[in-house]
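Engineer: If you read the sequence shown in the working numbering, its first letter stands for residue 2, the second for the next number, and so on. Backbone N, C-alpha and C fix where the C-beta goes; we use that ideal spot for every residue, glycine too.
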Amino acid sequence: MLMAALITGIGLGSMYGLIALGFQITYSVSSKVNFAQGSMVMLGAVLGFVFCQQYGMPVILGYPLAILCCGVMGVLVEFFLVRPFAVRNSEAWLMATVAGGILLDNAVLFTFGNEPRTLPSVLVEDSWNILGSGVYPQQILIPIAAIGVALGLHALFRHTRQGRALLAVVQNQTAAKLMGINTTVMVTGSFAISSMLAGCAGLLIAPLFSVHSDMGTLFGLKAFAVAILGGMTSAYSVMLAGFIYGMVEAAVTTYLGSSYTFIVVFALVIAVLTIKPSGLFGRAAIKKV
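1. Leaving out five residues before and five after Phe52 in sequence, what residues of the same chain have Cβ atoms less than 7 Å from its Cβ?
2. What does the Cβ neighbour count give for Glu79, buried or exposed, with the cut at 16 atoms within 10 Å?
3. Using DSSP with H/G/I as helix, E/B as strand and the rest coil, what is Ile131?
4. Could you check if Val266 is buried or exposed, using at least 16 other CB atoms within 10 Å of its CB as the buried criterion?
5. In the DSSP output, what is Val136 paired with across the bridge?
6. Just mark Thr189 as buried or exposed, buried being the case when its beta carbon has 16 or more other beta carbons within 10 Å.
7. Which residue from Phe263, Pro144, Asp106 and Trp129 puts its Cα closest to that of Gly10?
8. Specify whether the segment 101-111 and the segment 198-205 touch according to this definition: at least 3 beta carbon pairs, one from each stretch, less than 8 Å apart.
9. From Thr255 to Tyr28, what does the alpha carbon distance come to, in whole angstroms?
10. What number of angstroms, rounded off, separates the C-alpha of Gly39 from the C-alpha of Ile182?
11. When the Cα of Leu353 is compared with those of His155, Val212, Met2 and Ser279, which residue comes out closest?
12. Kindly list the residues whose CB is nearer than 8 Å to the CB of Leu142, restricted to its own chain and excluding five residues on each side of it in sequence; keep chain order.
Encoded structure:
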């Protein structure tokens, strides 16, 4: 039971961390977050099903296309739901992104239907026996893919011109603008990357769960909790918080039952934030007076 909980927790935690990484990126660049992030998880899974199962595309083509579509949707969210309010220093983008997620969920409900679907994968057909626990290869793939994506983003930010420009915006948006960096494009790009990460997470988790229009709501909520726990300070802290959250959730579900999962896990989240408001790995902001 312990081994099964550990493997399940690592898989779920890496998925939460991947979605939370999107929150961290947009917050670092623009001090805004996309509360439709959970809907992007759903959109990635649904589009993966449509492209591969209904249109017969190979996975190697259908999955990247689904992730790209999520990126386009992230651009639309920033352009229509965030930017009009941000330029007026209004906080209405909070409700606008929530409303956008609800609209997207219902649009998928009316077009895709409310019947849960299964996204087939050869990685969930047969389980592996690891120390007496049955584990699907898909559960092993999720943390590997999540870590790979995180390392890829690190390389992008450190070794490409566009990535270094994005880091400059993170450090000081005003100074970056004075140096000729188009900060508007950087902010839009951060929302695109965020949505693509969520879509990737949806495709990874879809073979283990059913695909339906409201599957992303709970994942988005948990990922936001992970982002807050990580402190929103760095990608590493958010991913580590995701692993911790996932393993705690799996352990509670295994030993106490699923009825107690939300009660115990979110009570622990509240307790941690009460003791350390800046998150497990975050630093309190220092304001000069």
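Structural biologist: Inspection of the coordinates gives the following:
1. Position 51 of the sequence shown, counting from 1, holds the residue named residue 52. Answer for Phe52: Met58, Gly63, Leu66 and Ala67, listed in chain order.
2. Position 78 of the sequence shown, counted from the start, is the residue given in the question as residue 79. Flag for Glu79 reads buried.
3. Numbered from 1 along the sequence shown, position 130 holds the residue referred to as residue 131. Strand.
4. Within the sequence shown, residue 266 is the residue found at index 265, counting from 1. Residue burial annotation: Val266 is buried, with at least 16 other C-beta atoms found within 10 angstroms of its C-beta.
5. Taking the sequence shown and counting its residues from 1, one reaches residue 136 at position 135. BP columns for Val136 point to Trp129.
6. Walking along the sequence shown from the start, residue 189 turns up at place 188. So Thr189 ends up on the buried side.
7. Numbered from 1 along the sequence shown, position 9 holds the residue referred to as residue 10. Taking only the C-alpha atoms, the option nearest Gly10 is Pro144.
8. no
9. Against the sequence shown, residue 255 aligns to sequence position 254. Against the sequence shown, residue 28 aligns to sequence position 27. Computed Cα separation, rounded: 34 Å.
10. As a first step, residue 39 is located in the sequence shown; it is residue number 38 there, counting from the start. As a first step, residue 182 is located in the sequence shown; it is residue number 181 there, counting from the start. Cα to Cα, the separation comes out at about 30 Å.
11. Residue 353 falls outside the range modelled here, since the chain spans only 2 to 290, and no answer is possible.
12. Translated into positions along the sequence shown, residue 142 becomes position 141. Closer than 8 Å at the Cβ level, and outside the excluded window around Leu142, lie Leu124 and Leu205.
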